[in-house]
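Using mature numbering (1 follows the signal peptide of the UniProt record, and there is no 0), the letters of the sequence shown map in sequence onto residues -25 to -1, 1 to 137.
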Amino acid sequence: MESKYSILLSLLVLQCLSFLCISQSQDFDFFYFVQQWPGSYCDTKQSCCYPNTGKPSADFGIHGLWPNYKDGSYPSNCDPDNSFNQAKISGLISNMQKNWPSLACPSSNSIQFWTHEWEKHGTCSESVLNQHGYFDTALNLKGKTNLLKALKTAAYRTSKMQ
């Protein structure tokens, strides 16, 4: 049963990555599009706090979009001079609050989380995505993939086979 879910998750990740059109000039090999389940995050941490915007919906939320190398390593903190600038994503904020909330304590408006994601991972994707593009791409991937629905469908199909 676990291997079926593992294969499904791998296929979903590959599907997500296929939506990204990446030029040959990037300094990495591919992206991981990482989502998290709020309940699992809260169960594995010492404490969990909801953002100022309220309790997230019972759905996967974005954790990040991470450039990676084929050998399993990844670039990080590639441009310390390119700090997070909230003004560059002002049109995305409400969508990000819904789909990319921080659950870290103390509760926040998620700006610190998004700052971390941009500065650690996003600055390494600049050869293909500027700051707005980085966050917009992750939001678009979330909109094109419904991980919760896929898992429910897989569970339903599995139960019908037994």
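Glycine residues also receive a C-beta, built at the ideal position from the N, C-alpha and C atoms.
Nearest residue (CA-CA) to residue i, options the options
{"i": "residue 18", "options": "79, 29, 60, 41", "result": "79"}
{"i": "residue 63", "options": "118, 48, 16, 105", "result": "105"}
{"i": "residue 110", "options": "121, 126, 98", "result": "98"}
{"i": "residue 54", "options": "82, 102, 122", "result": "102"}
{"i": "residue 96", "options": "33, 120, 58", "result": "58"}
{"i": "residue 16", "options": "6, 66, 44, 76", "result": "76"}
{"i": "residue 3", "options": "45, 128, 65", "result": "45"}
Beta carbon of residue i nearer than 8 Å to that of residue j
{"i": "residue 10", "j": "residue 36", "result": "yes"}
{"i": "residue 88", "j": "residue 43", "result": "no"}
{"i": "residue 26", "j": "residue 100", "result": "no"}
{"i": "residue 116", "j": "residue 8", "result": "yes"}
{"i": "residue 120", "j": "residue 40", "result": "no"}
{"i": "residue 81", "j": "residue 24", "result": "yes"}
{"i": "residue 34", "j": "residue 114", "result": "no"}
Continuous beta strand (DSSP E) stretch holding residue i: start and end
{"i": "residue 8", "result": "5 to 11"}
Residues sharing a beta bridge with residue i, DSSP
{"i": "residue 42", "result": "6"}
{"i": "residue 36", "result": "11"}
Unbroken alpha helix (DSSP H) run spanning residue i, endpoints
{"i": "residue 64", "result": "Taken as a continuous stretch (DSSP letters only), residue 64 belongs to no alpha helix (DSSP H), as it is neither H nor E."}
{"i": "residue 107", "result": "106 to 119"}
{"i": "residue 75", "result": "Per DSSP, residue 75 belongs to no alpha helix (DSSP H) and is neither H nor E."}
{"i": "residue 88", "result": "86 to 95"}
is_contact[residue i, chain B] using C-beta, thresh 8 Å
{"i": "residue 118", "result": "Note that chain B does not occur in the displayed structure, where there is just one protein chain."}
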